[in-house]
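One structure is given below, encoded as structure tokens.
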Amino acid sequence: KQEVTQIPAALSVPEGENLVLNCSFTDSAIYNLQWFRQDPGKGLTSLLLIQSSQREQTSGRLNASLDKSSGRSTLYIAASQPGDSATYLCAVKISSGNTPLVFGKGTRLSVIA
Amino acid sequence: NAGVTQTPKFRILKIGQSMTLQCTQDMNHNYMYWYRQDPGMGLKLIYYSVGAGITDKGEVPNGYNVSRSTTEDFPLRLELAAPSQTSVYFCASSYVASGGKSYGYTFGSGTRLTVV
């Protein structure tokens, strides 16, 4: 059974710092991996989607990498801002078609001004 | 485009009452999903649908029912509400091509349900 772990559960950093969020999964045979952002009391916003054949994806100050062989993905946030404060969720899709996403429990990020 | 729309945003139910959580999407996505999110527990899949008329159970289906009569709508029904169903419910959709290639998920803003 695929399990997704995100460590740490919470992280607090000063504004302007570069930071890395970690995601690990137990079965390396994944189809794709998706990073989401969730603001308190809100839904999930998709940030980046990495297909299994890709090594990384970038969007603005965000860069997500994928290392299937080691069962790891990282989300790099450059020059963090207070507006980046949110919970970041990692989710993996095991195969194509009708297999659902398996979510980690998230990392709660606080960026202090 | 509105994306995925969920109603209501908040609801308080008494034990034993029933209700339907509504979900509609306007992106012509073929796949739709219902998740629940409990504090510290992550998201758990309740039911999903791969197209109109086709539904299947997820990880935690007990106490819920779904239907998919159209591509756009995927309502979630609670027949006999129990305190254990107090949670935040999220509907999501995605597009899966005929060859099986899957694209990213789009989530609704959630329904916060309390059963007392």
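These protein sequence lines map, in sequence, to chains Y and X.
The first sequence begins at 1 in the working numbering and counts up by one.
The second sequence begins at 1001 in the working numbering and counts up by one.
The beta carbon of each residue, even a glycine, is placed where N, CA and C say it ideally should be.
Bear in mind the structure is a predicted one, so any value in this text is a computation, not a measurement.
Cβ distance (whole Å) where residue i is taken to contact residue j below 8 Å
i: X/Ala1092; j: X/Tyr1033; result: 5 Å
i: Y/Ala91; j: Y/Val20; result: That pair is no contact at about 18 Å.
i: Y/Gln34; j: Y/Cys23; result: At roughly 10 Å, the Cβ-Cβ gap does not stay under 8 Å, so Y/Gln34 and Y/Cys23 are not in contact.
i: Y/Gln81; j: Y/Val102; result: Between Y/Val102 and Y/Gln81 the Cβ distance is about 30 Å, and since that is not below 8 Å, they are no contact.
Listed by chain order, chain Y residues near residue i by CB distance under 7 Å
i: X/Leu1043; result: Phe103
i: X/Tyr1033; result: Pro100
Within chain Y, partners of residue i - CB distance below 8 Å
i: X/Ser1102; result: Tyr31, Asn32, Lys93, Ser96 and Gly97
i: X/Gly1040; result: Lys105
Proximal chain X residues relative to residue i, where beta-carbon distance stays under 9 Å
i: Y/Ser46; result: Gly1104, Tyr1105, Thr1106 and Phe1107
i: Y/Leu66; result: Going along chain X, no residue has its Cβ under 9 Å from Y/Leu66, so there is no contact; the nearest lies around 14 Å.
Euclidean distance between Cα positions of residue i and residue j
i: Y/Asn63; j: Y/Ala78; result: 8 Å
i: Y/Gly106; j: Y/Ala86; result: 10 Å
i: X/Leu1013; j: Y/Ser52; result: 43 Å
i: X/Pro1039; j: X/Ser1087; result: 8 Å
i: X/Pro1075; j: Y/Asp84; result: 33 Å
i: Y/Thr26; j: X/Thr1055; result: 28 Å
i: X/Val1116; j: Y/Lys68; result: 44 Å
i: Y/Pro100; j: Y/Ala113; result: 38 Å
i: X/Met1041; j: Y/Gly104; result: 9 Å
i: Y/Ile30; j: Y/Lys93; result: 6 Å
Under 7 Å by beta carbon: chain X residues contacting residue i
i: Y/Gly43; result: Phe1090, Phe1107, Gly1108, Ser1109 and Gly1110
i: Y/Leu49; result: Gly1104
Partners in chain X for residue i, counting only beta-carbon separations shorter than 8 Å
i: Y/Leu109; result: Those do not exist, as Y/Leu109 stays about 16 Å from chain X at its closest Cβ, beyond 8 Å.
Closer than 9 Å at the beta carbon, the chain Y residues around residue i
i: X/Gly1058; result: Pro100
query: For the 8 Å Cβ check, are there 3 or more pairs between the segment 1105–1114 of chain X and the segment 33–49 of chain Y?
result: Touching, per the Cβ criterion.
message: Check whether the segment 8–16 of chain Y and the segment 1073–1081 of chain X touch, using three or more Cβ-Cβ pairs below 8 Å as the test.
response: With contact defined as three or more Cβ pairs closer than 8 Å, the segment 8–16 of chain Y and the segment 1073–1081 of chain X are not in contact.
message: Between the segment 32–39 of chain Y and the segment 1021–1033 of chain X, can you find at least three pairs of beta-carbon atoms closer than 8 Å?
response: Because the criterion of three Cβ pairs below 8 Å is not met, the segment 1021–1033 of chain X and the segment 32–39 of chain Y do not touch.
- request: Enumerate, from N- to C-terminal direction, the unbroken beta strand (DSSP E) stretches of 3 or more residues contained entirely within the segment 29–73 of chain Y.
  value: Entirely contained in the segment 29–73 of chain Y, the beta strand (DSSP E) runs reaching 3 residues are, in chain order, 32–38, 44–51, 56–59 and 62–67.
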